[in-house]
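Residue numbers for the sequence shown follow my numbering, so the first one is 13 and each next one is one higher.
Glycine included, each C-beta is placed from N, C-alpha and C at the ideal position.
Below is one structure, written out as structure tokens, with a few remarks after it.
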Amino acid sequence: MKSDIRSIEYKDLGKIVEGLSEKRFRTDQIFGWLHAKGAESFDEMTNVPLSLREAFAREYEIYPVKVNRVLKSAHDGTGKYLFALHDGNLIESVLMRYEHGNSVCISTQVGCRMGCKFCASTIDGLVRNLSAGEMLGQVYGITKETGERISNIVLMGSGEPFDNYDETVRFIRLITDERGLGLSARNITVSTCGIVPGIRKFAGEGLPVTLALSLHACTDEDRKRIMPVANRYGLDEVMDACRYWFEKTGRRLTFEYSLIGGVNDRDEDAKGLASLVSGLNCHINLIPVNPIEERNYVQSPKQAVLAFKNKLEKNNINVTIRREMGRDIDGACGQLRRRVLKEEGR
Ligand code: SAH
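And the structure:
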């Protein structure tokens, strides 16, 4: 299989160009075509000599991330994109329109092996990792389809970023490269279910992104019931890693807490959560759980969500309730992909 050229960082592309005895400015041209202009073939690179394009095409490929379906929410302008990869795998991404700009939620893996009980992405397990180029392809594809600028990226689609660590870091380096899209790292959020070695390593990458930690419960016992990863990394370790992240990067953390009716929305949960994060510079994002067909979890009633928020606020904790977007278009992780796979009888 040919190498995926979109996954190659600028400095490494430079070495390839040098190895072909080509002038240095060719690196900027090719990198610009790939990452600023979103070229999908070498043929598009019209200011690059044909011989050089052919030399590249012999060894490298721009693997397609092709729009397969787009669903647009009738309520809020949210768009759900299903993309087909070169091997026929399907992945999904979401475009969310906010006042402060467009945000895209991308997938980092085909499927997921983390096994969270409320999540649709994990039901059929992990199929494969995405390359950095395939993560970029989701952003480039949506940019092309809408003709709009994307200013924020959240790695909160299907997959666990730290289960695909190297490609995730490469993706962030490529998308923040000013010779490409040049997105600000501060506008990128990486969400993890709590892979402790990943968090610690990531703290040392020198990337000023936001880290979001999926908590969803405040005791190990409760967390194990809904998140199998809790059997590997206890809350003590996870919270230590979060404190380490803050010490190392100085960046405020986000904790995600999906509220499930009768499971983690009790009085004691709010109290436990408040004491768990006390003293940490953080923000809590409450997400009303998005019920999936395969599980019988239900949302907490609106009143319970508000009461939960109030209890946290009384403890001087920064908290917001995530606005639900795209409920009418299979908004939650992995739902659209599952539906289409089923329809196609796969
Ligand atoms: N693997 C990463 C990122 C992907 S999921 C992680 O676990 O953080 C992004 C967020 O959505 C996580 O907090 C996840 O727990 C949550 N989530 C997944 N399915 C959900 C659902 N049906 N309802 C509400 N939140 C969900």
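I want to check one thing, is the minimum distance from the CB of THR204 to the heavy atoms of the ligand SAH below 8 Å? Taking the Cβ of THR204 as the reference point, at least one heavy atom of the ligand SAH falls within a distance shorter than 8 Å.
In the DSSP assignment, the alpha helix (DSSP H) including GLU355 goes from what residue to what residue? First-last of the alpha helix (DSSP H) with GLU355: 347-355.
Can you tell me which of PRO61, LEU25, LEU138, VAL106 puts its alpha carbon nearest to the alpha carbon of GLU336? It is VAL106 whose Cα lies nearest to the Cα of GLU336.
Counted within 10 angstroms of its Cβ, other Cβ atoms place LYS92 as buried (16 or more) or exposed: By the neighbour-count criterion, in which a residue is buried when 16 or more other Cβ atoms sit within 10 angstroms of its Cβ, LYS92 is buried.
For the putative contact between ILE165 and LEU195, defined by C-beta atoms under 8 Å, what is the C-beta separation to the nearest angstrom? With a Cβ gap of about 7 Å, ILE165 and LEU195 count as contacting.
Quick one: give me the first and last residue of the beta strand (DSSP E) that VAL106 is part of. That run of the beta strand (DSSP E) goes 102-110.
Can you check which of these residues, GLU56, VAL77, GLY100, SER170, is closest to LEU138 by C-alpha distance? Nearest option by C-alpha distance: SER170.
How far does the alpha helix (DSSP H) with ALA96 in it reach, from first residue to last? Per DSSP, ALA96 belongs to no alpha helix (DSSP H); it is in the beta strand (DSSP E), 91-97.
Would you mind working out which of GLU52, PRO61, ILE17 sits nearest GLU34, comparing C-alpha positions? Among GLU52, PRO61, ILE17, the Cα nearest to that of GLU34 belongs to PRO61.
Using a Cβ-based criterion (distance less than 8 Å to any ligand heavy atom), does HIS98 qualify as near the ligand SAH? Incorrect: HIS98 has no Cβ contact closer than 8 Å to the ligand SAH.
Rounding to the nearest angstrom, what Cα-Cα distance links ASN59 and TYR72 in this structure? Taking the straight line joining both Cα atoms gives about 18 Å.
The ligand SAH and PHE130: does any heavy atom of the ligand fall closer than 8 Å to the residue's C-beta? When distances are taken from the beta-carbon of PHE130 to the heavy atoms of the ligand SAH, the shortest one is below 8 Å.
From the DSSP output, in three-state form, read off HIS47 for me. Under the three-state reduction of DSSP output, HIS47 falls in the helix class.
Which listed residue (SER290, PHE174, ASN308) has its alpha carbon closest to that of ILE238: Ranking SER290, PHE174, ASN308 by CA distance to the CA of ILE238 puts ASN308 first.
Kindly identify the DSSP beta-bridge partner or partners of HIS295. According to the DSSP secondary-structure assignment, HIS295 is paired through a beta bridge with THR266, ASN330.
Buried or exposed for LEU318, please, with buried defined as at least 16 other CB atoms from any protein chain shown within 10 angstroms of its CB. It counts as exposed.
Between which two residues does the alpha helix (DSSP H) carrying LEU64 extend? Element bounds for LEU64: 62-71.
What distance in whole Å lies between the Cβ atoms of SER119 and LEU142, which are believed to be in contact at a cut-off of 8 Å? Taking 8 Å as the upper bound for CB-CB distance, LEU142 and SER119 are in contact here, some 7 Å apart.
Start and end of the beta strand (DSSP E) containing ALA224? For ALA224, the enclosing beta strand (DSSP E) has its first and last residue at 222-226.
Using the Cβ count rule (16 or more neighbours within 10 Å means buried), how would you classify SER19? SER19 comes out buried.
ILE184 CB to nearest heavy atom of the ligand SAH below 8 Å: Result no, Cβ not under 8 Å from the ligand SAH.
Please determine whether the Cβ atom of GLU268 lies at a distance below 8 Å from any heavy atom of the ligand SAH. Of the heavy atoms belonging to the ligand SAH, at least one sits nearer than 8 Å to the Cβ of GLU268.
Tell me where the alpha helix (DSSP H) around LEU25 begins and ends. LEU25: member of the alpha helix (DSSP H) spanning 22-31, first to last residue.
Per DSSP, cross-strand counterpart(s) of LYS84: Assignment of beta-bridge partners to LYS84 by DSSP yields GLY91.
Residue range of the alpha helix (DSSP H) that VAL250 falls in? For VAL250, the enclosing alpha helix (DSSP H) covers residues 247-261.
Selected residue, minimal CA-CA separation from LEU219, among PRO240, ALA197, GLU233: Closest in alpha carbon position to LEU219, among PRO240, ALA197, GLU233, is ALA197.
7 Å CB neighbourhood of VAL79 in its chain, flanking five on each side removed: Answer for VAL79: TYR93, PHE95, GLY153, GLU157, listed in chain order.
Do MET147 and the ligand SAH come close, with the Cβ less than 8 Å from some heavy atom? Not under cutoff, so the answer is no.
At the level of alpha carbons, what is the spacing between CYS205 and LEU285? Each residue's Cα considered, the two are about 16 Å apart.
How about LEU265 and ASN293: are their beta carbons less than 9 Å apart? One thing to note: LEU265 has its Cβ within 9 Å of the Cβ of ASN293.
Thinking C-alpha only, which one of GLY113, ASN327, ASP189, PRO209 is nearest PHE43? That would be ASP189, whose Cα lies nearest to the Cα of PHE43.
Can you tell me whether ASN243 is helix, strand or coil according to DSSP? Here ASN243 sits in helix by DSSP.
I need the straight-line Cα distance from LEU148 to ASP279, nearest angstrom please. Distance between the alpha carbons of LEU148 and ASP279: 42 Å.
Taking MET168 as the reference, which of VAL116, LEU25, ASP281 has the closest Cα? Ranking the options by Cα distance to MET168, first place goes to VAL116.
Hey, MET57 and ARG65: beta-carbon distance below 9 Å or not? Against a cut-off of 9 Å, the Cβ pair of ARG65 and MET57 comes out as a contact.
Expected contact under 8 Å - CB spacing of ILE74 and GLU52 to nearest Å: Between ILE74 and GLU52 a beta carbon distance of about 6 Å is seen, short of the 8 Å cut, so the two are scored as contacting.
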